[in-house]
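**Q** Chains as they are written, first to last, in the numbering used here: chain A, 2 to 635; chain B, 2 to 635.
Ideal Cβ placement from N, Cα and C applies to all residues, glycine included.
The structure presented is a predicted model; accordingly, all values stated were derived computationally and were not measured.
Supplied in structure tokens, the structure appears directly below.
Protein chains: 2
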Amino acid sequence: MAVPLTLVTDPNDPGARRTLTVAPGTTILKAAHAGGVDITATCGGRGRCTSCRVKFLAGLPPPPTIMDEVQLGDDLVREGYRLACQCVLHEAVTVQPAPPLDERSFQILGAGPGVRQFGRVLLDSGIAKQVIKVAVPREEHHQTSDLEQLLAAVGLTTADVVPAVLQRLPSALRDDPTGVTVTTFAEGGASAGESTGRQRILAVERGDTALMKFGLAIDVGTTSVVTTLVELESGEQLASVSSLNPQTVFGGDLMSRIAFAQFNPGNLRKLHTRIVGLLNQHIAQICRDSGVLAKWIYKVVVVGNTCMHHILLGIDPSHVGLAPYAPVMRHAVTLSARELFLKIAPEARVCFLPLVAGFVGADAVGVALATRIYDSAEIRIAVDIGTNGEVLLGSRDRLWACSAPAGPALEGAQIRHGMRGALGAIDRVTVDDDIHVHTIGETDALGICGSGIIDLLAGLLDRGVIDWTGLIQVDLRDSLPPRLAARVVMRGEERQVIVLRPGEAGARQEIVLTQDDVRQVQLAKGAIASGVTMLQHVAGVPAEAISELMLAGGFGNYVSVESALRIGLIPPLPRERIRYVGNAASLGAQLCLVSETERARAETVAARIEHVSLAAHPDFEGIFVDCMNFPQAR
Amino acid sequence: MAVPLTLVTDPNDPGARRTLTVAPGTTILKAAHAGGVDITATCGGRGRCTSCRVKFLAGLPPPPTIMDEVQLGDDLVREGYRLACQCVLHEAVTVQPAPPLDERSFQILGAGPGVRQFGRVLLDSGIAKQVIKVAVPREEHHQTSDLEQLLAAVGLTTADVVPAVLQRLPSALRDDPTGVTVTTFAEGGASAGESTGRQRILAVERGDTALMKFGLAIDVGTTSVVTTLVELESGEQLASVSSLNPQTVFGGDLMSRIAFAQFNPGNLRKLHTRIVGLLNQHIAQICRDSGVLAKWIYKVVVVGNTCMHHILLGIDPSHVGLAPYAPVMRHAVTLSARELFLKIAPEARVCFLPLVAGFVGADAVGVALATRIYDSAEIRIAVDIGTNGEVLLGSRDRLWACSAPAGPALEGAQIRHGMRGALGAIDRVTVDDDIHVHTIGETDALGICGSGIIDLLAGLLDRGVIDWTGLIQVDLRDSLPPRLAARVVMRGEERQVIVLRPGEAGARQEIVLTQDDVRQVQLAKGAIASGVTMLQHVAGVPAEAISELMLAGGFGNYVSVESALRIGLIPPLPRERIRYVGNAASLGAQLCLVSETERARAETVAARIEHVSLAAHPDFEGIFVDCMNFPQAR
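What follows is the structure, encoded as structure tokens:
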């Protein structure tokens, strides 16, 4: 009674097809995921986006569902496209999934000065290395042990040491005339370790490896994962890798991701395995790029939102997605790399920074640390733009935080021709008598990324192509310059702005901005803006009392501040009070990597942050509706 | 160039054959082990025993080596037998290995009163269970977490908790109206936990499981492994499983086992995997027998000699086998069951008792605890008989220990018709005008176990069949009663005593005691006796100053004290000063299981024990030669 489902990823390559045997009544999406074939489902398979669309190559497409019609439109439905999440299998079919999200050569953020920009950071990573010669036991009657001889040589009377570290100890002690290098970790930094006398032995290596002391700062975002290699003695950033979170195929935003894992341990395991696998890919690549051996990485600091944190630890995030959205745990935890299956020194300490609330995670704590907002004399705002954005407002007196569920639109997802900030993405747009674009790598245009979309909307607003409610002004196009007017079109029921026609800027296909794309951006920027507004409201802080707004996040580094102001993504502050601060969450992780003092501070800062729930606030509705609209013309 | 090697375990079963492809020049033993076929190599493949003998069924047997001739004798060599460890492959052959050591229905030791025989043991296992109802988080603004709510309900402000325990926490807290049961462990016992406030959360279970608190005492011997299930609240022994250490196929005594692993990480991994696998089989069986679920086992105490301890922890034991025989570590360590891959509650604490020296391990510490010798006003001796025996001598003032490398002969190995104390083993022998036997289970005789061999030798000594040097008196047989005389024979070069002919006591084959068997027992009993003599010598304690000799070990419980005295296995003390104390090593582990006070004591006792190295003592040679002989007739 099983039905064959054939998935063709490239119709021109006979090898790029796979046939699965499927129980009738299964959706194509579920069947593909069960069979190990990735079909992206940005909305989590709820018929809310088009990412899982498939084209029927053989077999009869079923009658379109309402979701098919709404999301795909008449044309695509007629051409044989359907949403894989809606399409139930009853007979043999052959389909071609939409191509996966582009993964080539992302712009890598973080190859900056790292923590060295903070002049006053005490470099006390807690990791110390000593090269010693150990006198192996010689006495047969009153015996000691290899470990006791080692501790005596290091000058310790006692230490935490797990048997795994000792497995190769005897030969290490005896084989190299140079001696051995002992790596220890003192929680709370070297000074604390000395005072408590409690050290942990992380590794014993043959010969002299004293100069090899490295750590990783890992920022696990809903959409992007950034891993940075840091030399622990100097704090120098040696390499950085960034890529798409591979969980994205199971849901683009946090709620979709949680819905996928909710009450389904098998799916949770899938998400968990994917992220651990990606981190190990990052480690392999970063070691290749830098020439550092993975076994010389002894400390890791991880930040990420609560859901990403829970999934990485294998903790059921079901209730993070249900009111009151409580996390399962919030305290800082430290594991060994072995427990987390990370392929670095097996006893390396993997430190997770503490969380604040279900939707304000360790990444927000990292932003607070890196921006020093917790120590500011004046009131500042930090906005970390991401799929799950966070807003912090306050000073050394009080500190508030909320989450701003922007969704992935500003990262180019859920946008018809959107893509991440990779090679070929339109990242800059100017609009005058016509539309002009710049692409990353100045290559042929493949799609448009977040900074490009924001520029585009700002320009279209300035030229009156879009009005303050976000409607594309098809009826008023005759008043526009002719070339610009020619780009504003009505296709079927859909209003579109044609950004590029095939051939323009080397575009292989038409690249358009649809009315729905504008709505997606409005939802995203509305979420961020209402987060800022709400915190000002709760804290009773008017715009003029804000000394600075710090824009953080991978995305925040590429967006034009003028465009962001024009579309109302950030509040109307004077330009000079707005500053980029880079990927602050990752920077906060790097601070904790090189400094146990900073890592201890993370706990006091997390405990100080007062969480504000947007949705639970009675004034939220009004604020959100206001923030969805665009600011009136300047 | 590869050569096919076919191994036939049962010539009558066409399914019981396996063909391996082998590089020419490999020995049959190595090829079989590499191919996953167990051929027992009691001496570790050094040509020192006959356990790895194979019979050639097809293909030409190679010319016998000297080892073949010495170990197997002319007859077996002529019949096509060879030692697999000596036989190098050059062409296709088919061989039948000797049957494996018998594994059926061992006499199970330990189904006794357990620790309840110690009236004054404080039952403070450190494991506590609380049934609580947790108010899940309700507040959306100032959030807490599931864990914080749980800790508040338990009455703790802080606790060590690993993320793995939290993975299923949200549903546990919400799904069962009864509440949840929280299991905690306080190192050093409940009182210590209260005073330091530091508890570790081991598990959170749905509903009320407060009565389910179990632990395992595991005694890993060179030849036998005993696992005992204990109810932690009462100290009651619920079930016990004992079996052959599956590492035995790679070497019967400690030195052979170490030689197999020495400088060969692959072989070390094999030994490690075997013992972990066996422990999981024990756990499965013990749970089946008792009806206890494995997830209710929260604490384990492990004892064993240093080599078994190191192998179980994956620690390279190479240098334990090389002078000065130093251990890699000696301190008590605690791991989670998860880290050791034991299939019980994943966070269960697995506590390894401390070691004393390379050949005096945690089992000796267990014996010291269980016999209370460390607290004795008078001088006592404890003898733990095993493949690697230990002798303790002392009182509350001073305590000495040495290891007595008896080898496995007293456990029935390296004896022509020897077997362990299993169904069908001859366990009692009397010698008068003839030889009379008793078998375990009173079934047909299959072989002879240690207690039977000792009875047999004692009887033969008394009747003059063996003289004090151990020589079988073939020449004097005419002076014996006719039926006994008929059993003393010369076959080829070999002196033998025929214990049973086919049919007698249901024996299917002839069961003999060879001259070499007598020599093996002399080596074994010589090792034990010289251990006792040496400690008396070092401590300056004459026999009359010894108030008691305690006989411990699985084997010690079945042997006749009279026979043991007769052959000189133990020193000539008055019978009333000799006492069985059961499997004291396992009992010591059980004490530490039910009492953290006892477990803390293990460390002070281990630190007090003064190790004496037999071989390094200048007087050893003379003592050992004396002890090899049998006492002159009474």
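Which same chain residues end up closer than 7 Å to B/R566 when comparing Cβ atoms and leaving out the 5 residues on each side of it in sequence?
**A** Here the question's residue 566 of chain B lines up with position 565 in the second sequence. According to the sequence as given, residue 566 of chain B is Leu; it is not Arg. Taken in chain order, the residues that qualify are P573.
**Q** Could you check what DSSP says for A/F353 in three-state terms: helix, strand or coil?
**A** The residue you call residue 353 of chain A lines up with position 352 of the first sequence. Three-state DSSP puts A/F353 in a strand.
**Q** Quick one: measure Cβ to Cβ for B/V1 and B/A324, integer angstroms, because I've assumed they're closer than 8 Å.
**A** No statement about residue 1 of chain B is possible, as the shown extent of chain B runs from 2 to 635 and does not include it.
**Q** Where A/G387 and A/D220 are concerned, what is the direct C-alpha to C-alpha distance, given to the nearest angstrom?
**A** Taking the first sequence and counting its residues from 1, the one referred to as residue 387 of chain A is at position 386. Taking the first sequence and counting its residues from 1, the one referred to as residue 220 of chain A is at position 219. If you take the alpha carbons of A/G387 and A/D220, they lie about 12 Å apart.
**Q** Short of 7 Å Cβ to Cβ, which residues in the stretch 305-325 of chain B face chain A?
**A** L314, G315, I316, D317, S319, H320, A324 and P325
**Q** Any beta-carbon of chain B closer than 8 Å to the one on A/P573?
**A** Working through the first sequence from its first residue, we reach residue 573 of chain A at position 572. It does not: the Cβ of A/P573 has no partner Cβ on chain B nearer than 8 Å.
**Q** In whole angstroms, give me the CA-to-CA distance for B/G499 and B/V489.
**A** Translated into positions along the second sequence, residue 499 of chain B becomes position 498. Translated into positions along the second sequence, residue 489 of chain B becomes position 488. Correcting the residue type first, residue 499 of chain B is Ile in the shown sequence and not Gly. Between B/I499 and B/V489, the C-alpha separation is close to 6 Å.
**Q** Is it the case that the Cβ atoms of B/L370 and B/G589 are separated by a distance below 8 Å?
**A** Position 369 of the second sequence, counted from the first residue, corresponds to residue 370 of chain B. Position 588 of the second sequence, counted from the first residue, corresponds to residue 589 of chain B. Yes; because the gap between Cβ atoms is below 8 Å, this pair is in contact.
**Q** What residues from chain D crowd round B/S172, counting only those whose CB sits closer than 9 Å?
**A** Although the question refers to chain D, the structure presented lacks it and instead comprises the protein chains A and B.
**Q** I need the straight-line Cα distance from A/V302 to A/P15, nearest angstrom please.
**A** Taking the first sequence and counting its residues from 1, one reaches residue 302 of chain A at position 301. Taking the first sequence and counting its residues from 1, one reaches residue 15 of chain A at position 14. Those two C-alpha atoms are separated by around 45 Å.
**Q** For A/P98, which three-state DSSP category applies?
**A** Looking up residue 98 of chain A in the first sequence gives position 97. It is a strand residue.
**Q** Just to make sure I have the definition right: I need the residues of chain A whose C-beta is within less than 7 Å of the C-beta of B/R169. Which are they?
**A** Looking up residue 169 of chain B in the second sequence gives position 168. Within 7 Å Cβ-Cβ: D317.
**Q** Decide yes or no for the touch test of the stretch 279-296 of chain B against the stretch 337-346 of chain B: beta carbon pairs closer than 8 Å, at least 3 of them.
**A** yes
**Q** With distances taken between CB atoms, is the gap from B/A407 to B/A260 smaller than 8 Å?
**A** Residue 407 of chain B sits at position 406 when you count from the first residue of the second sequence. Residue 260 of chain B sits at position 259 when you count from the first residue of the second sequence. Cβ distance not < 8 Å, so B/A407 and B/A260 don't count as in contact.
**Q** What does the alpha-carbon distance come out to for the pair B/A129 and B/A204?
**A** Position 128 of the second sequence, counted from the first residue, corresponds to residue 129 of chain B. Position 203 of the second sequence, counted from the first residue, corresponds to residue 204 of chain B. About 11 Å.
**Q** Short of 7 Å Cβ to Cβ, which residues in the stretch 339-361 of chain A face chain B?
**A** A358 and G359
**Q** Measure the CB-CB distance between B/G45 and B/R258 and report whether it falls below 8 Å.
**A** Locating residue 45 of chain B in the second sequence gives position 44, counting from the first residue. Locating residue 258 of chain B in the second sequence gives position 257, counting from the first residue. Going by C-beta atoms, B/G45 is nearer than 8 Å to B/R258.
**Q** What are the residues of the stretch 121-147 of chain B that lie near chain A, defined by any Cβ-Cβ distance shorter than 8 Å?
**A** From the stretch 121-147 of chain B, only V137, P138, R139, E140, E141, H142, H143, Q144, T145, S146 and D147 have a Cβ closer than 8 Å to chain A.
**Q** Of all the beta strand (DSSP E) runs that stay within the bounds of the stretch 543-580 of chain B, which reach a length of 3 or more residues?
**A** 549-553
**Q** Is the Cβ of A/R331 closer than 8 Å to any Cβ of chain B?
**A** By 1-based counting over the first sequence, the position of residue 331 of chain A is 330. By this cut-off, A/R331 is an interface position.
**Q** In the DSSP output, which residue or residues are listed as bridge partners for B/P5?
**A** Along the second sequence, read from residue 1 onward, the residue named residue 5 of chain B stands at position 4. Answer is B/T22.
**Q** Considering just the uninterrupted stretch of the beta strand (DSSP E) at B/M330, what are its terminal residues?
**A** Here residue 330 of chain B corresponds to residue number 329 of the second sequence, with the count starting at 1. Where B/M330 is concerned, there is no enclosing beta strand (DSSP E), given that its DSSP letter is neither H nor E.
**Q** May I have the straight-line CA-CA distance separating A/T185 from A/P347, to the nearest angstrom?
**A** Here residue 185 of chain A corresponds to residue number 184 of the first sequence, with the count starting at 1. Here residue 347 of chain A corresponds to residue number 346 of the first sequence, with the count starting at 1. Each residue's alpha carbon lies about 13 Å from the other.
**Q** For A/R207, which residues of its own chain have a beta-carbon under 7 Å away from its beta-carbon, when the five flanking residues on both sides are left out?
**A** Within the first sequence, residue 207 of chain A is the residue found at index 206, counting from 1. For A/R207, where only same-chain residues beyond five positions count, the Cβ hits under 7 Å are A173, D176, D177 and V181.
**Q** Could I get the ranges of all uninterrupted alpha helix (DSSP H) runs contained in the stretch 146-173 of chain A, with 4 residues as the minimum, in chain order?
**A** 147-155 and 164-167
**Q** Could you please give the first and the last residue of the uninterrupted beta strand (DSSP E) stretch that includes B/A521?
**A** Looking up residue 521 of chain B in the second sequence gives position 520. Before going on, a small fix: residue 521 of chain B reads as Gln here, not Ala. It is not in any beta strand (DSSP E) - B/Q521 instead sits in the alpha helix (DSSP H) that spans Q516 to A540.
**Q** Using the rule of at least 16 other Cβ atoms within 10 Å of the residue's Cβ for burial, across every protein chain shown, is B/W297 buried or exposed?
**A** If you number the second sequence from 1, residue 297 of chain B lands on position 296. The residue is buried, with at least 16 neighbouring Cβ atoms inside 10 Å.
**Q** So the candidates are B/T27, B/G413, B/V351 and B/E391; which of them puts its Cα closest to the Cα of B/S126?
**A** As a first step, residue 126 of chain B is located in the second sequence; it is residue number 125 there, counting from the start. Taking only the C-alpha atoms, the option nearest B/S126 is B/V351.
**Q** Please return the same chain residues whose Cβ sits closer than 8 Å to the Cβ of A/P266, not counting the five positions on each side in sequence.
**A** Translated into positions along the first sequence, residue 266 of chain A becomes position 265. Closer than 8 Å at the Cβ level, and outside the excluded window around A/P266, lie D317.
**Q** Say whether chain A places a C-beta atom closer than 8 Å to the C-beta of B/P65.
**A** Sequence index remark: in the second sequence, residue 65 of chain B carries index 64 (1-based). Not one chain A Cβ lies under 8 Å of B/P65.
**Q** Per DSSP, A/R381 is paired with what?
**A** The sequence position of residue 381 of chain A within the first sequence is 380, counting from 1. Per DSSP, the beta-bridge partners of A/R381 are A/G395 and A/E549.
**Q** Identify, in the order they occur along the chain, each residue of the same chain with its Cβ nearer than 8 Å to the Cβ of A/V163, setting aside the five sequence neighbours on each side.
**A** Along the first sequence, one-based indexing puts residue 163 of chain A at 162. S337 and E348.
**Q** Could you name the residues of chain A that B/V334 contacts, counting a contact when the two beta carbons are closer than 9 Å?
**A** Looking up residue 334 of chain B in the second sequence gives position 333. Within 9 Å Cβ-Cβ: V162, V163 and P164.
**Q** Run through DSSP, which three-state label would B/Q591 get?
**A** Here residue 591 of chain B corresponds to residue number 590 of the second sequence, with the count starting at 1. Reduced to three states, the DSSP call for B/Q591 is helix.
**Q** Name, please, each residue of chain A whose Cβ falls closer than 9 Å to the Cβ of B/H612.
**A** On the second sequence, position 611 is the one that residue 612 of chain B refers to. Residues of chain A passing the Cβ test: E141, H142, H143 and Q144.
**Q** What's the gap between the Cα of A/G253 and the Cα of B/T229?
**A** Residue numbering aside, residue 253 of chain A sits at position 252 when the first sequence is read from its first letter. Residue numbering aside, residue 229 of chain B sits at position 228 when the second sequence is read from its first letter. A/G253 and B/T229 have their C-alpha atoms roughly 52 Å apart.
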